[in-house]
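Undergrad:
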Amino acid sequence: MSEKTVPQWLKGVVLIFLVLLALMVFTNRDRMDVYGRYFRETSPSVTLRLAELSSTMDEAALKQHFAGVPLRCVGQAPGADSLGDRVCYATVSQADGHGALTLANFFREGHLVRTMVHVPWWVHGTWIDRFNAAYGTPYHAGKVSDWGGPVLRWNMPNGYVDFNRDRSFNPLEWNVILWTGR
3 MSEKTVPQWL
13 KGVVLIFLVL
23 LALMVFTNRD
33 RMDVYGRYFR
43 ETSPSVTLRL
53 AELSSTMDEA
63 ALKQHFAGVP
73 LRCVGQAPGA
83 DSLGDRVCYA
93 TVSQADGHGA
103 LTLANFFREG
113 HLVRTMVHVP
123 WWVHGTWIDR
133 FNAAYGTPYH
143 AGKVSDWGGP
153 VLRWNMPNGY
163 VDFNRDRSFN
173 PLEWNVILWT
183 GR
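Sequential numbering from 3 applies to the sequence shown in this note's numbering.
Next comes the structure, spelled out in structure tokens:
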């Protein structure tokens, strides 16, 4: 009776694949909770309406703008980051009908300065197409974002939107939509 064995090269390929997979998961363990909630829990969908955001909005106006989304608002520690001194955030499942993970709105001295949406890797191209259709051809912001890689910028009457130019090679990294008010 002849015994069938797995070729040595195939064992090596499988081992390398498993090591790379484990390394990817380990280096992104802080993101695993966000993805876990995305797949396990039911979160609200949000309609962004970026063109309606305003730097004159306060928390009450923002909560009205995102009605139906349970925003939690907390103060940021001084020097925590440069995005704002207060943040209102929520876990979401979709933004404008496309996959999304979190929504965060940053205030400085009581007024909205930024809205950020984390979107999963697999909807990157959809958002690029959507922004191009809505706001025209972007220009390169000329900087590397804190979230990785070069960013594209679309001007709007009420501010501008930045978005990662490239999708990461790591499918666990998300992309960032960042509206900044004028």
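Idealized CB from N, CA, C, for every residue including glycine.
Only a predicted model underlies this, so the values are computations on that prediction, with no experimental measurement involved.
Measure the beta-carbon distance from M158 to Y137 and round it to whole angstroms, keeping in mind my assumption that it falls under 8 Å.
TA: Confirmed, Cβ separation roughly 6 Å.
Undergrad: So the alpha helix (DSSP H) V8 belongs to, where does it begin and stop?
TA: Per DSSP, V8 belongs to no alpha helix (DSSP H) and is neither H nor E.
Undergrad: Would DSSP call F109 helix, strand or coil?
TA: F109: strand per DSSP, three-state reduction.
Undergrad: Where does D131 sit, in a helix, a strand or coil, going by DSSP?
TA: Helix, per DSSP.
Undergrad: On the DSSP letters alone, give me the boundaries of the alpha helix (DSSP H) that L64 sits inside.
TA: Its alpha helix (DSSP H) spans residues 61-67.
Undergrad: Closest to A92 by CA distance: which of V36, L22, H126 is it?
TA: The residue with the shortest Cα to Cα distance from A92 is V36.
Undergrad: Based on the DSSP secondary-structure assignment, which residues constitute the bridge partners of Q96?
TA: BP columns for Q96 point to S47, G101.
Undergrad: Rounded to whole angstroms, what's the CA-CA distance from A62 to T29? Just pull it up for me.
TA: Going by the C-alpha atoms only, they are around 38 Å apart.
Undergrad: If we ignore side chains and look at the alpha-carbon of each, how far apart do Y162 and W156 end up?
TA: Using only the alpha carbons, I get a separation of about 6 Å.
Undergrad: Could you pull the DSSP bridge partners for V89 from this structure?
TA: DSSP output for V89 lists V76, F108 as bridge partner(s).
Undergrad: So the candidates are L114, R184, H100; which of them puts its Cα closest to the Cα of D87?
TA: For the residues L114, R184, H100, the minimum Cα distance to D87 belongs to L114.
Undergrad: To the nearest angstrom, report how far apart Q66 and V121 are at their CA atoms.
TA: Whole-angstrom Cα-Cα distance: 23 Å.
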